[in-house]
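Working notes, beginning with the structure itself.
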Amino acid sequence: GTVGLLGCSVSGVLGRQCFNVTYTRQSICALKGSVVDLPCKYQYPNNKKLSWSNWYIQEKHDEAPTNLGSLPEYSGRVKYLGDNVSNCTLRITDLRETDSAEYKFRIKTRNTVWWYSFPGITLTVTDLQVKVTPGKRKTKTLTCSTSCPLTDNSNLTYVWYKNGQHLTHQKTVTSYLILDPDSTEDRGRYSCSVKGLTDLGSPKLSVWEQSVTTGTVVGITLVVVILILLLFGFIWFRKKASKSTSVRQDKAVIGQSVHPDSNSNTYATLNMRNLSPDYETLASVRNSQNDEDRQKISDYENCGEPPRNLD
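For the sequence shown, the UniProt record's numbering assigns the number 1 to the initial residue and increments by one for each residue that follows.
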């Protein structure tokens, strides 16, 4: 525990001639709505007479503590269980989260005041939360948890609710509950509380809906990714096929230019066996012209040598 000592000497006598306050617990974690005792013991010199004692609350370290008796929010919720000898325990009921602070005890005799510069008891008030963790064989474990470890949890009995109905089987008296999300019997919305504090319940949590929603989202995401990949693959294949077709067409055009078709109108070849009458006329004209040229050559040949005198 924490001990605060204020030494004082009377005629050089030490030992019992001093003040001290002992906190058996430096920190306490308690549930919202519950009752908590801040255990405390004190001592002062035998030759002194106790004038008064008070509990103070210090919310911030850089601020002076405030007398609990002067705070209206504590009215009717605090009770001093101590005496004028050695007990200085304080009880706070109907705990609220705003009660989280450091509490200190102060005593005064006629000539001496035990100050509150020494550490006191730090109180943390927490509520209940249901947390889900994966278990073995696809099971899920629900835990009725708090933001800090409860100081006095040995006598706590937990109460579990499903869809607002109290679960009465034996496994629901602990702080955890094991469920099978694949079982239709375990599907629902769950919350927890502590026996005696049924008004203080955790927010409802649907583990099955949460897990199904998560699985659905993952499944949809996977399907979308696969569809996108298939789409890109299809587009790539189409582009490749189109490019291949274009290359083949270009090669065919080049081949036609180098080796023109004999049936083409532009590069037609005359077949003498299949000539039309028009082509026959042209051939006749051509042949006639050749005959005239040969006749002229013959005439020149005849004129090439003068006639001889036969005499």
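Don't be surprised by glycine CBs; every beta carbon is placed ideally from N, CA and C.
One Cα belongs to H166, the other to L81, and the distance between them is close to 36 Å.
Scanning T139, F234, S175, R137 for the CA closest to the CA of L150 turns up S175.
One alpha carbon belongs to R91, the other to D152, and they sit about 14 Å apart. T124 is bridged by DSSP to C29.
According to DSSP, V194 shares a beta bridge with Y158, L197.
Contact annotation: L31 and L95 have beta-carbon atoms nearer than 8 Å. For N20, the enclosing beta strand (DSSP E) has its first and last residue at 18–23. Bridge pairing for I92: V36, V78 [DSSP].
Here L227 is exposed, its C-beta having fewer than 16 other C-beta atoms within 10 Å. With 16 or more other Cβ atoms inside 10 Å of its own Cβ, F19 counts as buried. Between the segment 229–244 and the segment 181–195 there are fewer than three C-beta pairs closer than 8 Å, too few to call the two in contact.
The straight-line gap separating the alpha-carbon atoms of T66 and K104 is approximately 10 Å.
Looking at the DSSP output, R106 shares a beta bridge with N54.
Within the same chain, and ignoring the five residues on either side of L50 in sequence, the residues whose Cβ sits closer than 8 Å to its Cβ are Y44, N84, I107, K108, T109. Counting along the chain, L68 sits inside no beta strand (DSSP E), nor does DSSP assign it H or E at all. V173 carries a helical assignment under DSSP once its states are collapsed to helix, strand and coil. Listed in chain order, the beta strand (DSSP E) runs fully inside the segment 218–247 amount to none, counting runs of at least 3 residues. Scanning its chain for C-beta atoms nearer than 8 Å, with the 5 sequence neighbours on each side dropped, one finds around P134 the residues K140, T141, in chain order. When DSSP states are grouped into helix, strand and coil, T151 belongs to the coil group.
DSSP places K136 in the helix class (H, G or I) of the three-state scheme. When DSSP reads this structure, L142 sits in a beta bridge with V132, L177.
The C-beta distance from I178 to Y23 rounds to 39 Å, too long to fall under 8 Å, and the pair is not in contact.
A check of alpha carbon separations from V21 across K138, H61, V113 identifies V113 as the nearest.
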